[in-house]
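For the sequence shown, counting from 1, position 209 maps to 202 in the working numbering; every step adds exactly one. Here the structure comes first, spelled out in structure tokens, and everything after it is commentary.
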Amino acid sequence: MFFKRVGQSKAPRRSVLLALSLVVPSLFLSACMSSEKDIDLSKYVDQTEPADVLYNQGLANLNAGRLDEASKKFDAVDRQHPYSEWARKSMVMGAFTDYRKGSYDEAISSAKRYLALYPSTDDAPYAQYIIGLSYYRQIKDVTQDQKEARQTLQTMQDLVTRWPTSEYVDDAKEKIRFANDQLAGKEMQIGRYYLERREYIAAVKRFRTVVENYSNTRHVEEALARLTESYYAMGLTSEAQTAAAVLGTNYPDSPWYKDSYKLLQSNGLSPRENAGSWISKAGKLITGA
């Protein structure tokens, strides 16, 4: 009986093995078919597209105003053909496209990456210019923080210094003037705040910063008048007279000078420059802009 039972058990085992031999190949084929279905043929075709074709497609989309599509094409070149000449060109054009889209942080990041990899190429000043423009477009009103104005100033100044013959230098200088004017305006805003509260020392510090560091901006005229007012209120008449004298020398027809002159006259004083004063020394740097 024992051998009979054993013999009977072999038949089912053979059946199981036979069934498995039929099922396993079918599962293998099914897996293959499934994996083939998972392949994105469009991506495969895209990955085999030549770099120059992708780049030119990016330019065409950029010129047509299809900025998102342009970004995708330039990114594809950089991703699929890294470190190629087309990838280099696509990187800087991708940064410009991000700038056009208003994606300033992405533009700055891409342009900085370009400069890190290709600091000596012909497009390097253009990448620097894109960074400066991206900061410039984010400059806020003087009542708010002027971080972007400082970044614009630094970036554009670096452009002028490193690439003085670049075609972007003239516009960079315009952006520098604007950024300086913003920074001076911020100092004036804070200075007025302190002056209104009769915190004269704090006010003088801000107005002095404008005269010494932003002497070629439109704010220097008011800064000298405010210095006259602040020093007069503090009883420092010599400094008040010097500030008014420097103001009159550089802006004789200014309403600010007329106000400063009238203020001094109210106490029998007149503008008189003290050559040893910091105001007199700083006044020599004023351009009358």
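Backbone N, C-alpha and C define an ideal beta-carbon position, used for all residues, glycine too. Everything numeric in this text was worked out from a predicted model, so none of it was measured.
Per DSSP, reduced to three states, the secondary structure at Val135 is coil, with no helix or strand assignment.
According to the DSSP assignment, Ala268 belongs to no alpha helix (DSSP H), since it is labelled neither H nor E. Secondary structure of Asp151 (DSSP, three-state): helix. Contact between Ala88 and Ile123 is confirmed by a C-beta separation of about 5 Å, below the 8 Å threshold. Judged by beta-carbon spacing, Ala177 lies within the 8 Å limit of His212, meaning their Cβ atoms are closer than that value.
Excluding the 5 residues flanking it on each side, Ala142 has same chain C-beta neighbours closer than 7 Å at Ile132, Ala172, Gln175, Leu176, in chain order. Secondary structure note for Thr90: its alpha helix (DSSP H) is the uninterrupted segment 78 to 94. Counting C-beta atoms within 10 angstroms of its own C-beta, Lys82 has 16 or more neighbours from the protein chains shown and is therefore classed as buried.
Taking a contact to require three or more Cβ pairs closer than 8 Å, the stretch 226 to 244 and the stretch 197 to 217 qualify as touching. Going by beta carbons, Tyr193 and Ala226 fall inside the 8 Å limit.
DSSP places Pro245 in the coil class of the three-state scheme, outside both helix and strand. In this structure, DSSP gives Leu229 a state outside helix and strand, which the three-state scheme calls coil.
The C-alpha of Gly58 is placed about 13 Å away from the C-alpha of Tyr92.
Residue burial annotation: Val46 is exposed, with fewer than 16 other C-beta atoms found within 10 angstroms of its C-beta. In this structure, Val85 is the residue among Ile169, Ser208, Val85, Ser223 with its C-alpha nearest to the C-alpha of Ala109. The C-alpha of Pro112 is placed about 24 Å away from the C-alpha of Glu167. When DSSP assignments are scanned along the stretch 95 to 136, the uninterrupted stretches of alpha helix (DSSP H) that are 4 or more residues long and fall wholly within it turn out to be 97 to 110, 117 to 129. In the DSSP annotation of this structure, the continuous segment of the alpha helix (DSSP H) that includes Tyr186 starts and ends at 162 to 189. When DSSP states are grouped into helix, strand and coil, Ser208 belongs to the coil group.
Counting along the chain, Leu60 sits inside the alpha helix (DSSP H) bounded by residues 60 to 73.
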